[in-house]
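For the protein sequence lines, the chains are A and B, in the order given. In terms of our numbering, the first sequence opens at residue 1 and continues consecutively. In terms of our numbering, the second sequence opens at residue 152 and continues consecutively. Built from N, CA and C at the ideal position, the CB exists for glycine as well.
Protein chains: 2
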Amino acid sequence: MTVTETERWLELLEQKGSRITGPRKAIVELMVDADHALNPVDVFDRARVKYPKMGLVTVYRTLEVLSDLGLVERVHQADDCHMYLRAAQGHEHLLICSCCGKAAYFSGDDLGMLIQRISMESGFSIQGHWLQLQGLCQSCQPKKIQTQQGE
Amino acid sequence: MTVTETERWLELLEQKGSRITGPRKAIVELMVDADHALNPVDVFDRARVKYPKMGLVTVYRTLEVLSDLGLVERVHQADDCHMYLRAAQGHEHLLICSCCGKAAYFSGDDLGMLIQRISMESGFSIQGHWLQLQGLCQSCQPKKIQTQQGE
DNA sequence: TCCTTATTGAAAATGTTTTTCATTTTCATT
DNA sequence: AATGAAAATGAAAAACATTTTCAATAAGGA
Ligand SMILES: [Mn+2]
Ligand SMILES: [Mn+2]
Ligand SMILES: [Zn+2]
Ligand SMILES: [Zn+2]
């Protein structure tokens, strides 16, 4: 599954007239599999394992290319706003572990009523929304006992 | 109302053992009233009108102090993740105009059901959420006719 | 294999935020 | 009102993150 997804990304890259290169393959392979949002340096460190002469500049450039193709997207967290993760499929939002950073998409939110009400009350015409849940993933729950913030 | 709110901020500052200074007054006055999220340079430019010898470093430092006191908070937007706005009162979320940047808080979202479901499905224990609506404010609607992104 | 051109990595440039430090200002105490 | 300790300030330097420049390299069609 990972292999075919990697191939899909590379084919898309090719279709758009980009060349398939060693550095790009290394970055695609790792981004396809990543279950944490990664910042450019994270990507750099991981990519260098597969492609040792990788330059950090190429990481920036490749993330931009993948982002333009809609394959990865930027993720904002309180401490780091320049993280990247495979893009959402359709209408999905992120759930991120505040301890280890593990990220998962979810879908099925319904803000229609809320948006309609706020639209009325504020006079804004609402174009989009941004929703992100923070929590502790299963493997981090034993490690941390923290207070829960409701609603 | 603005005057008393400014005073409240300054008193809080004083209570916490900080000194009330010219630069801080200028920044507090402008942040109390701001209806747009402002980045440090925005704050700098505006504060210099009232306090011409203001240094940019002081802006950074003062925003941090106000943020530590819970009086302002950092706002993330697609193009600029280091913007500051007066802090939410209780459980509020932001509505921001994608054209002019006008910001308004709203409350009354209820994600309880959603959170419970996602919690079940994912195994995460959910601690908090981050919700932001983007749209066009009343005065920007005539200017731009844009496609609407649903739900 | 050859050739054109996109891509690459190093280095330099740029832009932002933080640190350092001598000077100024605040404000509690005379 | 004058004094003095400590906090705050602004200029300059340093540290960081990101982008640009450019000569060398590599991709992939002919
Ligand atoms: Mn949604
Ligand atoms: Mn952000
Ligand atoms: Zn975790
Ligand atoms: Zn507007």
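By Cβ distance below 7 angstroms, which residues in the same chain neighbour A:Asp33 in space, the five residues on each side in sequence not counted? Here residue 33 of chain A corresponds to residue number 33 of the first sequence, with the count starting at 1. Closer than 7 angstroms at the Cβ level, and outside the excluded window around A:Asp33, lie Thr2.
Cα-Cα separation between B:Phe257 and A:Met54, rounded to whole angstroms: As a position in the second sequence, residue 257 of chain B is number 106, starting the count at 1. As a position in the first sequence, residue 54 of chain A is number 54, starting the count at 1. Cα-Cα distance, rounded: 46 angstroms.
Give the single residue among B:Ala255, B:Thr213, B:Cys291, B:Met234 whose Cα lies nearest to the Cα of B:Thr172. The count along the second sequence starts at 1 and reaches residue 172 of chain B at position 21. Per the Cα distances, B:Thr213.
Mind checking if A:Ala104 is an interface residue toward chain B, Cβ cutoff 8 angstroms exclusive? Within the first sequence, numbered from 1, the residue matching residue 104 of chain A stands at position 104. Chain B, which has a Cβ nearer than 8 angstroms to the Cβ of A:Ala104, makes this yes.
Which first and last residues belong to the beta strand (DSSP E) in which A:Leu131 is found? Here residue 131 of chain A refers to the residue found at position 131 of the first sequence. Here the beta strand (DSSP E) through A:Leu131 covers 125 to 136.
Does the Cβ of B:His244 lie closer than 7 angstroms to at least one heavy atom of ligand 2? The residue labelled residue 244 of chain B in the question sits at position 93 within the second sequence. Flag unset: Cβ of B:His244 not near ligand 2.
Could you check whether the Cβ of A:His76 sits closer than 7 angstroms to any heavy atom belonging to ligand 2? As a working note, residue 76 of chain A is residue 76 in the first sequence. Flag set: Cβ of A:His76 near ligand 2.
Opening and closing residue of the alpha helix (DSSP H) in which B:Glu180 lies: To locate residue 180 of chain B, count along the second sequence from 1; it is residue 29. Note, B:Glu180: alpha helix (DSSP H), 173 to 184.
In angstroms with no decimal places, state the Cα-to-Cα distance between B:Pro203 and B:Cys232. As a position in the second sequence, residue 203 of chain B is number 52, starting the count at 1. As a position in the second sequence, residue 232 of chain B is number 81, starting the count at 1. Straight-line Cα distance between these residues: approximately 26 angstroms.
So what does B:Phe257 bridge to, in DSSP terms? Translated into the one-based positions of the second sequence, residue 257 of chain B becomes position 106. Answer by DSSP bridge pairing, in chain order: B:His244.
Cβ neighbour criterion (16 or more within 10 Å) applied to B:Arg159: Counted from its first residue, the second sequence places residue 159 of chain B at position 8. The residue in question, B:Arg159, is exposed, as its Cβ has fewer than 16 Cβ neighbours within 10 Å.
Whole-angstrom Cβ separation of B:Ala188 and B:Gly252, contact assumed at under 8 angstroms? For the purposes of this step, residue 188 of chain B is taken as the residue at position 37 of the second sequence. For the purposes of this step, residue 252 of chain B is taken as the residue at position 101 of the second sequence. Between B:Gly252 and B:Ala188 the Cβ distance is about 7 angstroms, and since that is below 8 angstroms, they are a contact.
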